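S.K.:
Numbering (my numbering), first residue to last: 934 to 1260.
1) For residue 1001, tell me which candidate among 1021, 1094, 1036 and 1054 has the shortest Cα-Cα distance.
2) In whole angstroms, give me the CA-to-CA distance for residue 948 and residue 1043.
3) Leaving aside the five residues before and after residue 1092 along the sequence, list all residues of the same chain whose C-beta is less than 7 Å from its C-beta, in chain order.
4) Exposed or buried, which one is residue 1114 when buried takes at least 16 other CB atoms within 10 Å?
5) Find the nearest neighbour of residue 1047 within the set 1039, 1054 and 1053, judged by alpha-carbon distance.
6) Using alpha carbons as the reference points, say which of 1173, 1242 and 1252 lies closest to residue 1164.
7) Identify whether residue 1210 lies in helix, strand or coil by the three-state DSSP scheme.
8) Given a threshold of 16 other Cβ atoms within 10 Å of its Cβ, counted over all protein chains shown, does residue 1065 qualify as buried or as exposed?
9) What alpha helix (DSSP H) runs, 4 residues minimum, are completely inside the region 1033 to 1121?
10) What would DSSP say about residue 1238, mapped onto helix, strand or coil?
11) Are at least three pairs of beta-carbons, each pair with one atom in the region 1069 to 1085 and one in the region 1185 to 1193, less than 8 Å apart?
12) Count Cβ pairs between the region 982 to 1000 and the region 959 to 969 that sit closer than 8 Å; are there 3 or more?
13) What separation, rounded to the nearest whole angstrom, lies between the Cα atoms of residue 955 and residue 1258?
14) Within a Cβ cutoff of 7 Å, which residues of the same chain sit near residue 1030, ignoring the five residues on either side of it in sequence?
15) If you measure between the beta carbons of residue 1135 and residue 1162, is that distance less than 7 Å?
16) With DSSP run on the structure shown, which of helix, strand or coil describes residue 1141?
17) If you run the structure through DSSP and keep just helix, strand and coil, what is residue 1245?
18) Quick one: is residue 1126 buried, meaning 16 or more other Cβ sit within 10 Å of its Cβ, or exposed?
19) If you scan the region 990 to 1016 from start to end, which runs of the beta strand (DSSP E) of 3 or more residues do you find wholly inside it?
20) Rounded to whole angstroms, what's the CA-CA distance from residue 1112 to residue 1145? Just pull it up for me.
21) Which of helix, strand or coil does DSSP assign to residue 1257?
22) Who are the Cβ neighbours of residue 1069 in its own chain at under 7 Å, not counting the five residues just before and after it?
23) Taking DSSP's pairing of strands, which residues face residue 1162 in a bridge?
24) Which partner residues does residue 960 have in the DSSP bridge list?
25) Starting from the C-beta of residue 1124, find all residues in its chain whose C-beta is less than 7 Å away, skip the five residues before and the five after it, and write them out in chain order.
26) Would you kindly report the start and end of the unbroken alpha helix (DSSP H) that includes residue 938?
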């Protein structure tokens, strides 16, 4: 389950409006595959993990070439030959039990006759829940772990599904400094740009706009999709030649009211000054820490009242921490 959770966090926010989910297939106490759901409308975590495990056990060029969830489901159901009868699968969230943009994962697990299914937590989404009952009715052994780490993983989805989710993105060096141009590597920059393509709204501080004159596009993402911008400022006076005002298909508003924004999925980008202003209003902090330059002084975000719920290294230099403010 730890492997599945860790893999899912790598795609946190990228799966919007779906939840981040991870899965791990095990045979004879050996991990065959660890995968995650990566983008809404594409295969779920279970499907990606089962496909990889099947290819490891019995490589097939046809299956390897398939990318759509419908095609993978159909191939596996027709050609599994009980290859998973002595395998277990660990999934961070109850397998979906409905047919939406993709087929039901619970039905796939039922047809493939896994020996046991470990589930991190039940799905609170009434449309998708019921996977546990489907599996049990097919005489598959199921254990729901009620793992708090899976609750933490699902927290953003739980909020944006019910109402709205607001998080803050901050990039710092390991001593806590955040001045002077790009701080992190290209890998982190690309990830932030990919996240921007999923946003309903991006909020940026007025002083940052005036000083940095940013574009705030997504040019390093696979698809350069411009999200709407809100400039957090009491003053409405800005130089309209600043690049962010001239991006096609973008709405730019200027306001100092964060509490009444209507968007479901919003990111604030800024430094410590803006974070201190809004930290009581955000649901999560996504903190990028660059370790390219080692320093004697090590900044600890928990000293600022935040609790780290998960962290990982995107490469050898950049660490990403997901934090909640203890209000």
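Even for Gly, the Cβ is constructed at its ideal location relative to N, Cα and C.
Predicted model only: the values in this text are computed from it and were never measured.
M.R.: On the basis of the coordinates in this document:
1) Comparing C-alpha distances from residue 1001 to each of 1021, 1094, 1036 and 1054 shows the shortest one belongs to 1036.
2) 25 Å
3) Answer for residue 1092: 1098 and 1216, listed in chain order.
4) exposed
5) 1039
6) Each of 1173, 1242 and 1252 was checked against the Cα of residue 1164, and the nearest Cα belongs to 1173.
7) helix
8) With 16 or more other Cβ atoms within 10 Å, it is buried.
9) 1038 to 1045, 1064 to 1070 and 1081 to 1095
10) coil
11) no
12) yes
13) Cα atoms of residue 955 and residue 1258: separation of roughly 25 Å, rounded to the nearest angstrom.
14) 1037, 1039, 1061, 1062, 1063, 1064 and 1067
15) The beta carbons of residue 1135 and residue 1162 sit closer together than 7 Å.
16) In the structure shown, residue 1141 falls within a helical segment according to DSSP collapsed to helix, strand and coil.
17) It is a strand residue.
18) buried
19) none
20) Looking at the two C-alpha atoms, the distance is approximately 11 Å.
21) Residue state, collapsed to three classes: strand.
22) 1075
23) DSSP output for residue 1162 lists 1135 and 1185 as bridge partner(s).
24) Answer is 963 and 1020.
25) 1247
26) For residue 938, the uninterrupted alpha helix (DSSP H) segment begins and ends at 935 to 942.
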